[in-house]
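Student:
Residue numbers (UniProt numbering): 1 to 346.
1. With a threshold of 8 Å on Cβ separation, who are the neighbours of residue 41 within its own chain once the five nearest residues in sequence on each side are excluded?
2. Does the contact criterion of 3 or more C-beta pairs under 8 Å hold for the stretch 112–122 versus the stretch 1–16?
3. Do residue 73 and residue 94 have their beta-carbon atoms positioned less than 8 Å apart in this structure?
4. Count the other C-beta atoms from every protein chain shown that fall within 10 angstroms of the C-beta of residue 51, then say buried if there are 16 or more, exposed otherwise.
5. Between which two residues does the alpha helix (DSSP H) carrying residue 77 extend?
6. Does the beta-carbon distance from residue 30 to residue 69 come in below 8 Å?
7. Looking only at its own chain, which residues have a Cβ that is under 8 Å from the Cβ of residue 18, when we skip the five neighbours before and after it?
8. Where residue 284 and residue 91 are concerned, what is the direct C-alpha to C-alpha distance, given to the nearest angstrom?
9. Would residue 291 be called buried (16 or more neighbouring beta carbons within 10 Å of its own) or exposed?
10. Which partner residues does residue 226 have in the DSSP bridge list?
11. By alpha-carbon positions, which one of 124, 133, 128 and 232 ends up nearest to residue 347?
12. Could you check the C-alpha separation between residue 301 and residue 227 for me, to the nearest Å?
13. Given a cut-off of 8 Å, decide if residue 145 and residue 86 are closer than it, judged by their beta-carbon atoms.
14. Could you tell me which residues DSSP pairs with residue 25 in its beta bridges?
15. Identify which residue in 107, 169 and 150 has its Cα closest to the Cα of residue 139.
Now the structure itself:
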C-alpha cells in the first residue's frame, strides 16, 4: 500500500477515535465511529486475498448495523427526553438497544461471530489495531453511559463472553483466532464490572491493550501465524520467545504478573457488591482461557513436539528487538507492585 495512503488512514483512525471519546453529542460520537470504520476497511483488505476481502465485508456489514443501532437508540432517547447528551441516556428501551449496539461493535457474545473471522483475515498489525484502538471508542461510550445501562443484562453478556471466549479458543490452531477469543473473554471481565466501577473497566482495558500489543508485536517480529510455526520459532529469537511465555501467562491472569491485577480488583469489587457467586463463576471460566494460553506458551518455549523433524529450523535473527516491544513486555510482566496505588486512582 502507498505510504501516503497508509498515513492518511492512520490519521483518520486517530481522528475518528478522538472525535468519539471527546464528544458529548450522540451525532458527533456516531460520526467518529463511522470515520473509524471507513479508515480501517482498506487496511483489512489491502492484501487483496479473498479471505481479506471477506473479512473487510463482514467487518463493514457488522459495524454499519451497530452504528445504525447507536443512531436509532440515541434518536429514540432524544424523542422521549429531548436530550442528545451522551450522559443523559435515560429511556429504558434506548439503553437496551445501545447495549446491543456496543456489544456488536466490541464483539461480545451474542454478537461475537464476526470478530474471529475478521481477525483471521487481517494482516497481523491490522489485527492489533482491531483488538486495541478500535475497541476504545465503544468502551468510551460504555463508560459514559454506564450509570444508565441494565446491570443484569451486562452481567449475563459478560458471563456468556467469558464462557464462550474460553470454550471456543480451546481447539484453535491459528494464533490470530486464539487472540480473538482471548479478547472476547477479556471483554466479559470488562463488562461485568462497568455498572459498579467504570474506572476499573478502563484500567482493565488499558492493561489488556498493553499485554495484547506485546503479543501481537512479538508475533509480527518472529513472523508466526499458527501453532505449527510457533513450535519451531524459538531458534529465531530465544530471548523474545522467553518473554513471550511470561506475557502470555500475564494475559492469562496468573500472579505475580500484571494481568492478575485487574482480575484481583474486579473479584474484590464484585464481592463488595454482594455478587460473590458471579465472581466465582467468572473466575472459574477464566481457567478455560488459561488452558490455551499455556498451550501457546508451551509451543513457544518449553519443548519441541516429536513431529518437528520434518520442519525447517529457523535461522537465529540478530536484528535488535524494537524498543516498543521491550517496553510493552516489561510493563506486561512487572506492574503488579503498583496495585497499592490503584485505590487512590479509582
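Ideal placement from N, C-alpha and C gives every residue a C-beta, glycine not left out.
Being a predicted model, the structure only gives us computed values, none of them experimental.
Tutor: Checking against the coordinates, here is how it stands:
1. Here residue 41 refers to the residue found at position 41 of the chain shown. Result list for residue 41: 56, 59 and 60, in chain order.
2. no
3. Within the chain shown, numbered from 1, the residue matching residue 94 stands at position 94. Within the chain shown, numbered from 1, the residue matching residue 73 stands at position 73. In contact: residue 94 and residue 73 (Cβ atoms closer than 8 Å).
4. Taking the first residue of the chain shown as 1, we reach residue 51 at position 51. So residue 51 ends up on the exposed side.
5. Translated into the one-based positions of the chain shown, residue 77 becomes position 77. That run of the alpha helix (DSSP H) goes 50–81.
6. Looking up residue 30 in the chain shown gives position 30. Looking up residue 69 in the chain shown gives position 69. No; because the gap between Cβ atoms is not below 8 Å, this pair is not in contact.
7. Position 18 of the chain shown, counting from 1, holds the residue named residue 18. Excluding residues within five positions, the ones whose Cβ falls inside 8 Å are 32.
8. Taking the chain shown and counting its residues from 1, one reaches residue 284 at position 284. Taking the chain shown and counting its residues from 1, one reaches residue 91 at position 91. Spanning the two alpha carbons is a distance of roughly 35 Å.
9. Here residue 291 corresponds to residue number 291 of the chain shown, with the count starting at 1. It is exposed - the Cβ of residue 291 has fewer than 16 other Cβ atoms within 10 Å.
10. Within the chain shown, residue 226 is the residue found at index 226, counting from 1. Per DSSP, 174.
11. Any property of residue 347 remains undetermined from this structure, which presents the chain solely from 1 to 346.
12. Counting from one through the chain shown, the residue named residue 301 turns up at place 301. Counting from one through the chain shown, the residue named residue 227 turns up at place 227. Cα to Cα, the separation comes out at about 12 Å.
13. The residue labelled residue 86 in the question sits at position 86 within the chain shown. The residue labelled residue 145 in the question sits at position 145 within the chain shown. Yes.
14. To locate residue 25, count along the chain shown from 1; it is residue 25. Residue 25 is bridged to 85.
15. Counting from 1 along the chain shown, the entry for residue 139 is found at position 139. Comparing Cα positions, the closest option is 107.
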